[in-house]
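Undergrad: Got a structure here, written out as structure tokens. Questions coming.
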Amino acid sequence: MDLDIDEEITSRIGMAKPAFAEMKRTIFSNRALDPDARVKLYESLVLTRLLYGCSVWSDVPASLIKQLEAMIIKHHRNIHNCGFWNEDGIPDDAFVATHQVMPFRLHWARHRLVYPQHVARHGLPVHIQLLHAEYATGKGWLHEVSQELMWMSTLIDLPLSLRNVA
Amino acid sequence: MWHEFWPLLADWKPWKPAVRRACNKQMLQEKLAWEVKSYHTNIVRELEIFGGEVCCDEDVIVENVASFRCNTCTHCFPSYQQLALHAFRQHGVVAQERYYVQSTVCPGCLKDHHTTFRVTQHLRYRRNGCWDRTFLARLPDDPVNIDLPEHLRKVKRLPAIRRHHGPLRPTSVQRLRIQLRQDITALRAEGKPEYAWWYPQDDDPIVQRANVALCDALHTWTRMEHPTEVDFQNLMFGALFTLEIEDPQRCRLFMHWVETHMYDDCPPDMDPDLAILLEQAYVSMLEDLPTWQIRQRMKVLTDRWMHLPSDYPDFGPDRAHCIPSEYQLMAQSEKKRQRWTFHTRPIMRPASQDGPYYIVHLYSGRRRDQDFQFDGEVPRQAPSEAPRMHLCHFDRHGHPPHYEHPQPSTLESLAGLCQGRATDCTSPWPPVRDVVSSEVPLAARRRTPRASTIEDCRRIVGPAAPLSVGTFAAQCGKLPTFERHLAVAVTFHSGSAALEHPAMPYDEELPFIWRSGILRLLLRGGVPFRRVTIQQWRFGAEGVKPTMLLYSNGSLPSALERCELSDITKPTVPLLERDAVGRFKTSKAKEYPSALSRAFALCFSDRMAQLNINSSPKEADPDFFDFVALASCLEGGGMMPDYQPI
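Protein chains in written order, with the working numbering: chain A, 3 to 168; chain B, 41 to 686.
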């Protein structure tokens, strides 16, 4: 995984950016469409490319996370026509809160939390053994998923055994 | 744990919706946190407009101190990056990892990373112990630069691969363990089993002889007229030399006697001063014995061996990115706000004599003819000012369909008198209008609290009540902040404001709006805000309804006193549950008593009388119309049903 994840995320960003630019004039900046509809289209046409396979990302550098966050916010600003070009001066946190933009970190957490169910249902025993072996080292994908579970347990009620895992 | 988790997760049907619900909840919480933060920022900014300066006692003026000092010269830099750049440019210092990279293979994990740059990055940023295995384990050498070969230059994804096989270098803890093992082995050999590591047994004749000889020597020493340490050592060595054994064995026998028999052999009537001298004497003698020193060194080594950490120490957290949550920090922020004080107090702007004057009424979704909303109420109290007065009603809870009940936690009524468009002061409406414009769409989506009345709020104690948001900060800080912002804007334009909220509970630990940091700040001396407590039954309410009022620039207590009803008795029956018709008994208590509205009107008309205004009528400020329109605007852009154009 050394430096591999960087290339993976850079390539994902490289796919999502042109996808947004391609459809910017026709869809995302199209005032004839409702902003909510544009956001839905953004999620299905651009975010899917950006987040493809993100369920298994781990050990991502902080700089790339910031880059991803910034890109998503920038795209949403374009969709809502709210940016420096309007001299609105709305900071990112206000924009995110007002327009209920889901940050990348939350998208990522959602994907990573959903994926273990696929592993549980369809994964081979050897896969699970390998995950356990990595988890025993105190790091790795399963370890990060445990942290997400811990976060999830602060928000909704989980069964006792799940909470123990978290 | 995970072994049990997998089957449970595989069978858990609503897992995906549960994850989605958690994400949505997180977003709502963050939005709530942002609202609280932005409202408080707005209030502080409003106070700053009037020259106020809010500070916290923990605030420390952080200067841009150059804290990163160069080791080679005297230069200081504000950041580590600048220092590193300086060190490279001026002193040729490069990353220390480069001195350990002479090939494309990591010396720690033996993986080939294809370039030396990647190996350096790997050693520097990967917390997998490679640097730990390399640093101080091999000698540094000249840095080497190896790049990708020409035919691979455009290949981006080259994972690290294992070309070399063999044992990995030991970690720093493993190295320490090896070193300790070697030291212990050497020391064990030095002490020899028959000397330093000999365990004398009392049934051994040589041990018995030694014990007797040493006991006699001790008695001789204690009987001396002026015993000293030197005498003790002479007598003890004399006794030991009577034994025909090796020197290390003599030392070992003396140690054995000290450890097992010395205190028993002491005479029972020994002088205390002599006992103290004995303690010093035998310790100094032990320190002279090489066998004792060897055993002490062994003790230190075994102690270090026993307390060695794991062979694979924790190399710090991996690149874990916690999901940031401002919501979790809200209680901390509120605690900080509790310590807010005025460094410089805001100054009230003088009242304009020209007007026009405005009365803004914030209410919570119900209207009756005798309420304050009745347009003629205030003009009737102050008829001369009627032509220059503009009345605006703003239903804070009239944002259907998202509200099931009125929100009892918000301030149910705000009536403010203010004047704008004076020549020497700015209008209060633009900043407030900005808040309202951001507030309206937010308010329309806000969740409804579960408690429907003030009594419900009081009765429910727990995370769901009274505001159903469940945190200290949210209970204290969020909902009525807009009203407070408006009240601050009105007050410092020499207007008068009154805000109503249920009275403080007796439990001092219970968070409540009156205990919030921003209200504590406003109620401190030197700021024109005051507080008065009333019981609404005295003004005709069906319930007791203890209420606190925040007011400014007016004589509200005297107005309240004048409007109290005399021929009325205190209700004693609690308004709980439903009546025979099926309506909630509290519904009557929700109605605002007219006498209280009249008291507000009296207070504001008194204030207007104090202002000495001219009689010429004035047009309303255009900003005011924007405010009214925005305040009455629903999320989709439509007007609220009770919108009243001026």
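Built from N, CA and C at the ideal position, the CB exists for glycine as well.
Under 7 Å between the Cβ atoms of R344 of chain B and L220 of chain B?
TA: Contact: yes.
Undergrad: Please tell me whether P118 of chain A has its Cβ less than 7 Å away from any Cβ of chain B.
TA: It does: the Cβ of P118 of chain A has a partner Cβ on chain B nearer than 7 Å.
Undergrad: State yes or no: is the beta carbon of A99 of chain A nearer than 7 Å to at least one beta carbon in chain B?
TA: Judged by the 7 Å Cβ criterion, A99 of chain A is in contact with chain B.
Undergrad: Figure out for me which residue from B:W171, B:T156, B:E319 and B:Q222 has the closest Cα to the Cα of P183 of chain B.
TA: For the residues B:W171, B:T156, B:E319 and B:Q222, the minimum Cα distance to P183 of chain B belongs to B:T156.
Undergrad: Since R379 of chain B and C96 of chain B are thought to touch, with beta carbons under 8 Å apart, how far apart are those beta carbons, to the nearest angstrom?
TA: Indeed they touch by this definition, with Cβ atoms about 5 Å apart.
Undergrad: Which whole-angstrom value describes the C-beta separation of G594 of chain B and P633 of chain B, a residue pair presumed to lie in contact below a C-beta threshold of 8 Å?
TA: 19 Å between Cβ atoms; not a contact.
Undergrad: Beta carbon of S592 of chain B, beta carbon of A537 of chain B: below 7 Å?
TA: Yes, they are a contact pair.
Undergrad: Taking C-beta pairs closer than 9 Å, name the residues in chain A that W42 of chain B reaches, listed in chain order.
TA: The answer, in chain order, is I130, L133, H134, Y137, L144, S148 and V167.
Undergrad: What's the C-alpha gap between A18 of chain A and D159 of chain A?
TA: So the two alpha carbons sit approximately 35 Å from each other.
Undergrad: What number of angstroms, rounded off, separates the C-alpha of W46 of chain B from the C-alpha of A138 of chain A?
TA: Taking the straight line joining both Cα atoms gives about 16 Å.
Undergrad: Tell me, please, whether the CB atom of L157 of chain A is closer than 7 Å to any CB atom in chain B?
TA: Closer than 7 Å: yes.
Undergrad: In three-state DSSP terms, what is Y367 of chain B?
TA: Three-state result, Y367 of chain B: helix.
Undergrad: Measuring CB to CB, does G687 of chain B end up less than 7 Å from T174 of chain B?
TA: Any property of residue 687 of chain B remains undetermined from this structure, which presents chain B solely from 41 to 686.
Undergrad: Do L163 of chain B and E137 of chain B count as a contact pair if the criterion is CB distance below 7 Å?
TA: Contact: yes.
Undergrad: Mind listing the chain A neighbours of A371 of chain B? Cutoff is C-beta to C-beta under 7 Å, in chain order.
TA: In chain order: nothing, as chain A lies at least about 14 Å away.
Undergrad: K71 of chain B touches chain A at which residues, Cβ-Cβ below 9 Å?
TA: What K71 of chain B touches in chain A: V98, A99, T100 and Q102.
Undergrad: Out of curiosity, what's the CA-to-CA distance linking P127 of chain A and I558 of chain B?
TA: When rounded, the distance between both Cα atoms is 58 Å.
Undergrad: K610 of chain B touches chain A at which residues, Cβ-Cβ below 8 Å?
TA: Here the premise fails: no neighbours, minimum Cβ distance about 44 Å.
Undergrad: Please identify the residue among A:S60, A:H78, A:H129 and A:Q119 whose C-alpha is closest to the C-alpha of W110 of chain A.
TA: When each option's Cα is compared against that of W110 of chain A, the closest is A:S60.
Undergrad: Between the C-alpha atoms of Q121 of chain B and A127 of chain B, what's the straight-line distance to the nearest angstrom?
TA: Roughly 10 Å between the two C-alpha positions.
Undergrad: Contact criterion: CB-CB distance below 7 Å. Does V84 of chain B meet it with respect to chain A?
TA: No - not a single Cβ of chain A is within 7 Å of the one on V84 of chain B.
Undergrad: Enumerate, from N- to C-terminal direction, the unbroken alpha helix (DSSP H) stretches of 4 or more residues contained entirely within the stretch 235–307 of chain B.
TA: Correct list: 245–263, 269–281, 287–300 and 302–305.
Undergrad: Considering only the beta carbon of each residue, do V59 of chain B and V116 of chain A sit closer than 7 Å?
TA: Yes. Within cutoff.
Undergrad: Specify the secondary structure class of E540 of chain B as computed by DSSP and reduced to three states.
TA: Strand, per DSSP.
Undergrad: Can you have a look at F281 of chain B and say buried or exposed, based on whether 16 or more other CB atoms are within 10 angstroms of its CB?
TA: Label assigned to F281 of chain B: exposed.
Undergrad: Please look up how many angstroms separate the CB atoms of L341 of chain B and I224 of chain B, rounded, as I've assumed it's under 8 Å.
TA: Contact flag correct, Cβ pair sits at about 5 Å.
Undergrad: Can you list, in chain order, the residues of the stretch 51–63 of chain A whose Cβ is nearer than 7 Å to any Cβ on chain B?
TA: Those would be D61, V62 and P63, in chain order.
Undergrad: Please report the Cβ distance between L693 of chain B and A122 of chain A, rounded to the nearest whole angstrom; I am assuming they are in contact, meaning their Cβ atoms lie under 8 Å.
TA: The structure shown does not extend to residue 693 of chain B, since chain B is modelled only from 41 to 686, so the question has no answer here.
Undergrad: Please say whether T144 of chain B and D687 of chain B have beta carbons closer to each other than 7 Å?
TA: In the structure as shown, chain B begins at 41 and stops at 686. Residue 687 of chain B is therefore absent and cannot be evaluated.
Undergrad: Please classify L179 of chain B: is it buried, with 16 or more other beta-carbons within 10 angstroms of its beta-carbon, or exposed?
TA: It counts as exposed.
Undergrad: Cα-Cα, which of A:D94, A:I11, A:H134 and A:Q119 is closest to R79 of chain A?
TA: The shortest C-alpha separation from R79 of chain A is found at A:D94.
Undergrad: Does at least one heavy atom of the ligand ADP sit under 6 Å from the Cβ of R79 of chain A?
TA: Only the bare structure without any ligand can be found here, which leaves the ligand ADP out of the picture.
Undergrad: For the stretch 225–236 of chain B against the stretch 255–264 of chain B, do three or more pairs of beta-carbon atoms, one drawn from each stretch, fall closer than 8 Å, so that the two count as touching?
TA: Judged by Cβ distances under 8 Å, the stretch 225–236 of chain B makes no contact with the stretch 255–264 of chain B, as fewer than three pairs qualify.
Undergrad: Going by beta-carbon coordinates alone, are I7 of chain A and V58 of chain A separated by less than 7 Å?
TA: For I7 of chain A and V58 of chain A, no; Cβs fall outside 7 Å.
Undergrad: How is L589 of chain B classed by DSSP in three states: helix, strand or coil?
TA: If DSSP states are grouped into helix, strand and coil, L589 of chain B belongs with the strands.
Undergrad: With a threshold of 6 Å on Cβ separation, who are the neighbours of A279 of chain B within its own chain once the five nearest residues in sequence on each side are excluded?
TA: Within the same chain, A279 of chain B has close Cβ partners A253, L254 and A257.
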